[in-house]
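Taken in order, these protein sequences are the chains called S and U. According to my numbering, the stretch in the first sequence is residues 1 to 258, in order. According to my numbering, the stretch in the second sequence is residues 1 to 437, in order. Where a beta carbon is used, it is the ideal one built from N, C-alpha and C, also for glycine. For clarity, every value in this text was computed on a predicted model and none was experimentally measured. Let me begin by presenting the structure, written as structure tokens, before commenting on it.
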Amino acid sequence: MNIMTMAAFAAKGEQPEILFWVGCAGSFDDRYKSVTLAICKILDKVGMSFAVLGTEESCTGDPARRAGNDFLFQMQAMSNIEVLNGYGIKKIVTACPHCFNTIKNEYPILGGNYEVIHHSELLQELLNQGKINLQGGGEFKGKKITYHDSCYLGRANNIYDAPREVLEALDISLVEMKRSKSKGLCCGAGGGQMFKEPEKGNKDINVERTEEAIETGATTIATACPFCMTMMSDGVKNKEKEASIAVMDLAELVAKFM
Amino acid sequence: MVSSMIFFACLAVAAYFVFNNIVKIRRNINLGKAFETTGNQGERFKKMIFIAFGQQKMFDRPLVALLHLFVYLGFLIVNIEMLEIIIDGLFGTHRVLLKFLGNSYHFMVNIFEFFAITIIIACVIFYVRRNVLKIKRFWFSEMSTAPRTDANIILVAEILLMSAFLWMNAADLSLQAKGLGHYTQTGSFLISSHLVPFIDHLSAGSLIFIERGAWWFHILGVLAFANYLPYSKHLHIILAFPNTYFSNLLPAGQFKNMPEVTKEVKLMLNLPLTEAENAAAPAGRFGAKDVPDLTWKQLMEAYTCTECGRCSSVCPANITGKKLSPRKIMMDTRDRMEEIGANIDKNGSFQDDGKTLYSNYISQEELLACTTCNACVDACPVNIDPLSIIMDLRKFMIMEESKAPASWNNMFSNLENNMAPWKFAPTERFNWAKKEE
Ligand code: SF4
Ligand code: SF4
């Protein structure tokens, strides 16, 4: 599979159908790189022409803004907007709810106007259009899966159904946690928490959430956000359940069954 | 005649104090900065109807919601009764509406009595939930004696007021049956007729005493209630309406832009400024340090807060024992706002008291614990946004005070130097594609 950059497209005088915004975790985090590759694989298989920014991409600025440093956020945002506008980008898919929220909601006022979708929405669309055909269950057959709502996808942007529809298309039984959808409990990473130690308390948020996921009896916890993935994986480790419970992104699950 | 005059005096005094309080609340809310509304009027009106009037968000917990709805509807409806009381009080008439309404009067009073009894039942249940069952969210650390007492005062007051109303009717019925004085026949009432046997044996004098006593207790109680409101969390019965009308209609994840920062960043990056940016006054303070740095909407929210604690009971930080409690953020904002108001009342204009909302009321530890998950915003039955206040204070703390934890400072410098929150070289950003080959 050949992953092309925007620069390469521009050199040929062509425009891809969609820009895949990989994000920092998708670029650097060893675990999340496999989600990035899964998305590329899916796009490649369905024959959608896409590009990435490669080394021209930089952080959207989300962690800076949520941590209260709006200068740094706007510096990042404005230089990203210059790059995106320079290439005349119209449509973007992100693999991260934080990138998604920032580019979709917070870039327009700074001059960046694009149609932005999250990869769960893209997957839902491709499934609905029949472009992705999933083979039945295999190793997952009859097993339970639970979906952990990302705050920045769910409450922040009201996306609850797309990820669930994607999971329902797989031959697995979806079970909900006690707190789900708009009542879903945060994994603990948002608001810049990913980049600092938690404040003093009596429990880690990700452990609380993981316990809830374990209660469902699911053998897979599906996530749609790199931070959630890290937090839930750490939670599973903390509970010493790595052998029996997997934490996987929607895209990885879909790629597996294509 | 004398009683009409006393009544008029009570009414006038109460109205004077209520008016004064309204002026003060308005003044305090206007301590805040300008606020930009979102969405259009129609959408916001709809929010108000569904969430304030229809109490839509309460129904996440259906049983309590139903009880609360009864208390609220009862409150609205029984207040129609106030109209009659005021006319009777001022003109020395008795059950003046009876003449106008004829047969429907009987029906109306039955409705009042139905609500009176449901309010009593609901308030007893609420009282038990708070004080006997001790539902957790009513006992978080910010729920010190004062806010707990506030809640109980209102519940007890409601029970007493409604009981007075029922006993008044019972005494009236008994007097009617005895054919005494001006007690015109109304026909028996839904609830109070069952109370008659308890007092029927009393003398006419005692019955009149009960009837009049309950009547005065009811009206004076309501006037006292109106004056107690401004000091209580019960202001929400009024402010829930404007507060939901000014709801944020943008996606919850969208933080408001800081135009003052945009201008400086553009200057730094050599980008052209828009006309508005050129004309804009130089930036004051980044973020919020004290109450006047917040918007009037945020201050109105503080007055609207019902102290129900639904926000804190779903807050991931609070659930896991961190110091942060979004309800406390709202209570602190109100306390500080009222402190500034009292300062102005005393000194004519605000005199520095060496205190601020940031740090004196809300600590860095609280501000740092928020995950910006929006659970509190989603849970609030009257659409309050504690997160926006947390973020404004956090911005002040980070941008003006530079009080970021070391790990955040590392993240900031990684962002500045490597364009990623982690320490990876930007040149390695596309290396993931190599893994594939
Ligand atoms: S946004 Fe912050 S204060 Fe509100 S529930 Fe989430 S962590 Fe708690
Ligand atoms: S902010 Fe809303 S949810 Fe929280 S205590 Fe106040 S009214 Fe209740």
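Against chain U, with Cβ distances strictly below 8 angstroms, would residue i count as a contact?
i	result
A64 (chain S)	yes
S182 (chain S)	yes
T210 (chain S)	no
L134 (chain S)	no
Y152 (chain S)	yes
N202 (chain S)	yes
E106 (chain S)	yes
S27 (chain S)	yes
A162 (chain S)	no
L110 (chain S)	yes
G235 (chain S)	no
T36 (chain S)	yes
Anything in chain U within Cβ reach of residue i, meaning under 7 angstroms, just list it in chain order.
i	result
F9 (chain S)	None at all; the shortest Cβ gap to chain U is about 15 angstroms.
L72 (chain S)	F412, L415, E416
F195 (chain S)	S407, W408, M411, P421
T55 (chain S)	P426, T427, R429, F430
A156 (chain S)	P251, A252, G253, N374
L185 (chain S)	P316
G188 (chain S)	P316, T371
Alpha carbon to alpha carbon, how far is residue i from residue j?
i	j	result
M258 (chain U)	S49 (chain S)	36 angstroms
V46 (chain S)	H118 (chain S)	17 angstroms
L180 (chain U)	T145 (chain U)	48 angstroms
L73 (chain U)	K46 (chain U)	19 angstroms
S312 (chain U)	D60 (chain U)	15 angstroms
L127 (chain S)	N133 (chain S)	7 angstroms
W296 (chain U)	S3 (chain U)	43 angstroms
K136 (chain U)	M75 (chain S)	44 angstroms
L101 (chain U)	F107 (chain U)	10 angstroms
F91 (chain U)	F8 (chain U)	10 angstroms
C305 (chain U)	N243 (chain U)	10 angstroms
D161 (chain S)	R209 (chain S)	20 angstroms
Among the residues of its own chain, which have a CB less than 8 angstroms from the CB of residue i, if the five just before and after it don't count?
i	result
G253 (chain U)	N374
P272 (chain U)	K266
A251 (chain S)	V35, A38, I39, I42, A95, H119, L123
T477 (chain U)	Only positions 1 to 437 of chain U appear in this structure, which leaves residue 477 (chain U) out of reach.
A280 (chain U)	P259, E260, K263
E400 (chain U)	R285, F286, G287, K289
C99 (chain S)	W21, G23, T60, D62
Which bits of chain S does residue i rub up against, with CB to CB less than 7 angstroms?
i	result
N417 (chain U)	Correct list: empty, because the minimum Cβ distance to chain S is about 11 angstroms.
L271 (chain U)	M78
Spatial neighbours of residue i within its chain, please: C-beta separation below 6 angstroms, excluding the five flanking residues on both sides.
i	result
A214 (chain U)	A164, W167, M168
N519 (chain U)	Outside the modelled stretch of chain U, which goes from 1 to 437, sits residue 519 (chain U), for which no answer is possible.
I'd like to know if residue i contacts chain S, where contact means its C-beta is closer than 8 angstroms to some C-beta of that chain.
i	result
S247 (chain U)	no
W215 (chain U)	no
E43 (chain U)	no
V64 (chain U)	no
M399 (chain U)	yes
D345 (chain U)	no
V261 (chain U)	yes
R310 (chain U)	no
V457 (chain U)	For residue 457 (chain U) there is no data in the structure shown, the boundaries of chain U being 1 and 437.
When burial is assigned at 16 or more other CB atoms within 10 Å of the CB, is residue i buried or exposed?
i	result
M229 (chain S)	buried
A177 (chain U)	exposed
Y303 (chain U)	buried
P62 (chain U)	exposed
D352 (chain U)	exposed
G390 (chain U)	The amino acid at residue 390 (chain U) is misidentified as Gly; the sequence shows Ile. That one is buried.
I6 (chain U)	exposed
K104 (chain S)	buried
L161 (chain U)	buried
Mind listing the chain U neighbours of residue i? Cutoff is C-beta to C-beta under 8 angstroms, in chain order.
i	result
N101 (chain S)	P251, G253, Q254
G191 (chain S)	C370, T371, T372, C373
What residues from chain S crowd round residue i, counting only those whose CB sits closer than 9 angstroms?
i	result
F424 (chain U)	C24, S27, F28
E275 (chain U)	Those within 9 angstroms of E275 (chain U) in chain S number zero; the least Cβ separation is about 15 angstroms.
N257 (chain U)	D70, Q74, E106, I109, L110
Between residue i and the rest of its own chain, which residues show a CB-CB distance below 7 angstroms, the 5 nearest in sequence each way excluded?
i	result
L97 (chain U)	E84, Y105
E142 (chain U)	S325, R327, K328, M331
N418 (chain U)	F424, A425, P426
D200 (chain U)	S174
So residue i contacts chain U; which residues on that side make the cut at Cβ distance below 9 angstroms?
i	result
S58 (chain S)	L415, N418, M419, A420, P426, R429
E199 (chain S)	A317, K322, K323, L324, E365, E366, L368, A369
With a threshold of 7 angstroms (Cβ to nearest heavy atom), would residue i be considered close to ligand 4?
i	result
T333 (chain U)	In the structure on display, ligand 4 does not appear, and the ligands it does have are ligand 1 and ligand 2.
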